[in-house]
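Residue numbers (full-length UniProt numbering), protein chains in the order written: chain A, 1 to 327; chain B, 1 to 327.
Below you can see the structure in the form of structure tokens.
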């Protein structure tokens, strides 16, 4: 394996020409390029990534910050982010923040040290002071004060749609069960949409909306159903909360979907090709990942980018609702 | 933000001394180190990762190659790998191979280009010609010809244990349902252990063991149960195969666990804190990830490493077996 100098000597060109060929920069005659490439091949020359990084100041690496990869929503998202990055010849650096502010900041610091070109983040802590419009950053579902690019889905409509479906399936009193972060997130609109639509349709409803982290969450859910025994249709803030509700109702000997119907949100599946685990409002995770990748590359390349991209959601029938309309 | 030269000037030392402080290399007096560090702080100096990489020839980055992150076993493993790497100040580069030989090789090539220091891989294609003992590589569950470090669990005992448990729970005829790759893997020992223990205990059994990729897998499972209607206890090669069996038996109107009991293998959970989805033989994923990280760092640092580390497995009761012994 030769050095750049060996390549230059064999191709009978200067080292600068070899460098220009490597970095696709500056004018190089096609015949010269071919000579240099042949010499590289003959010498089995592999350009050193560091040296190239110094020259181009690019790592072609994006950091993905998520609370935990051990979660089907985030792992599906990470799967599609990696796949799309790979098509653009970018690599993915994975960071589980464990919802720790320190770990999130540590990764943001990495951009400043030139270790990654940009960040795609599903973050939950208060990064407002650290995320500036100069940092290549695309956020999922999270507002920031400055003009950071945000990819999200139509969370408000998710709430509306859940109410519509539950009423269509014969529910007479609705419940919303969820939690929210201290920091502003697009996902709180799920509740807003739920309340707006229930109001519009004149359906009575009750709300449980705890602030994360909720201790004894299942006990809170139980209390909610004890206080509201007539709730027969629930919109859960996430599919996992829908699973928690299922467990609690099972303990309370209340049948799903016969006595209580549940619609979750997210549309998680344990792996590609499996069914979703509950009736749900599905976010198009694949499209959101694709958009996040396209946007971060545009930001890095200095292209103008829309600061908010919102994808439509849709309803998916699962085992927690009645699959025939009640007459 | 100053340069290394600025730091040297402010600290009244040579640039070489600043470099030695940065890289922890060579003898630097404690008082000098403090002066340099104070100067860095004052100038808000951030060392350039590329320049450091060139100097140290290290990226402190490990590539993790897995078939897909969108799978609870691999995402749990990745979660613990990242957490352990993070404690050692290493970063994780994520690669979904989609069981594609090309993508696996592309990542191995990256090591040679100095982009990562080593690889932890759960690979399924034939990399034997590319993985040499010189490449920092730790494999999970996979043999290679050369002396690659392999972290695995006691797959043979998993098979033995499943048979023991099924017999203890009153099963009279057992079934093994699984698939295997064309390439040698530790996981084929699950079937070996199953057969050995069934033979030892004198229990009749039937086997379905398809070669990946199996088309119409559920139809194969159905055929297996049609041919072997008296099988009342099944060891599934993985938890996901156990789920597939559950679906097929549900379609065939056969009750689990009343008529057929099922034990899976892996112990997957959808996220931390949830229950496993079937009765299962659990691999200690957290310990395997920790060992893989420790071993890859030892290989990189040139320390002697045992080439095979095997962790014990244990049985976890779930909803697909009877939880009381039959008398």
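Quick reminder that beta carbons are idealized off the backbone N, C-alpha and C, glycines included.
Query	Result
Run of the beta strand (DSSP E) containing residue 261/A, from where it starts to where it stops	261-266
Minimum Cβ-Cβ distance from residue 69/B to chain A less than 9 Å	yes
Under 7 Å (Cβ pairs) to chain B, residues found in the segment 66-93 of chain A	68, 69, 70, 71, 72, 75, 76, 78, 79, 82, 83, 91, 92, 93
Chain-ordered chain B contacts of residue 272/A [CB-CB under 8 Å]	68, 70
Other residues of its chain near residue 182/A: CB distance less than 7 Å, five sequence neighbours each side excluded	211
Spatial distance of residue 39/B from residue 96/B (CA atoms)	43 Å
Exposure label - residue 282/B; buried when at least 16 CB within 10 Å	buried
Burial state of residue 199/A (16 or more Cβ within 10 Å)	exposed
Bounding residues of the alpha helix (DSSP H) (the contiguous stretch that carries residue 297/B)	285-300
For residue 63/B and residue 119/B, believed in contact at Cβ under 8 Å, the rounded distance	5 Å
Reduced DSSP category for residue 135/A - H, G, I as helix; E, B as strand; rest coil	coil
Residue from 108/B, 89/B, 257/B with nearest C-alpha to residue 170/B	257/B
Coil, strand or helix - residue 233/A by DSSP	strand
Residues of its chain near residue 74/A, where Cβ-Cβ distance is below 6 Å and the 5 sequence neighbours each way are ignored	66
Secondary structure of residue 71/B, DSSP reduced to three states	coil
Beta-carbon spacing of residue 334/A, residue 186/A below 9 Å	With chain A covering only 1 through 327, there is no way to say anything about residue 334/A.
Whether residue 278/B touches residue 319/B by CB criterion (9 Å)	yes
Close Cβ partners of residue 252/B (< 6 Å) along its chain, the five nearest in sequence each way excluded	none
Backbone CA spacing between residue 50/B and residue 20/B [nearest angstrom]	Residue placement at residue 50/B cannot be trusted, given a pLDDT of 47 that sits under 50; what the coordinates show is reported in the next sentence. About 16 Å.
Simplified DSSP state of residue 222/A, which is helix, strand or coil	helix
Start and end residues, alpha helix (DSSP H) containing residue 328/A	Only positions 1 to 327 of chain A appear in the structure, and residue 328/A is not among them; the question remains open.
Proximal residues, the segment 229-244 of chain A versus chain B, C-beta separation under 9 Å	240, 243
Neighbour flag for residue 287/A against chain B, beta carbons, 9 Å	no
Three-state secondary structure assigned by DSSP to residue 274/A	coil
Selection from 177/A, 108/A, 254/A that minimises the alpha carbon distance to residue 221/A	177/A
Opposing strand residues paired with residue 175/A [DSSP bridges]	206/A, 234/A
Proximity to residue 301/A [Cα-Cα], best of 137/A, 192/A, 202/A	137/A
Residue-chain proximity (residue 64/A, chain B), Cβ-Cβ < 9 Å	yes
Residues of its chain near residue 15/B, where Cβ-Cβ distance is below 7 Å and the 5 sequence neighbours each way are ignored	4, 5, 8
9 Å Cβ cutoff, residue 201/B in contact with chain A	no
Minimum Cβ-Cβ distance from residue 297/B to chain A less than 9 Å	no
Sequence-distant residues of the same chain with beta carbon closer than 7 Å to residue 329/B, five excluded per side	Given that chain B is displayed from residue 1 to residue 327, the structure contains no residue 329/B and the question cannot be resolved.
Test: residue 4/A CB closer than 9 Å to a CB of chain B	no
Residue-chain proximity (residue 101/A, chain B), Cβ-Cβ < 9 Å	no
Proximal residues of chain E, C-beta to C-beta of residue 96/B below 7 Å	In summary, chain E is missing from the structure at hand, where the protein chains are A and B.
Inter-stretch contact at 8 Å, needing at least 3 Cβ pairs: the segment 101-115 of chain B / the segment 264-273 of chain B	no
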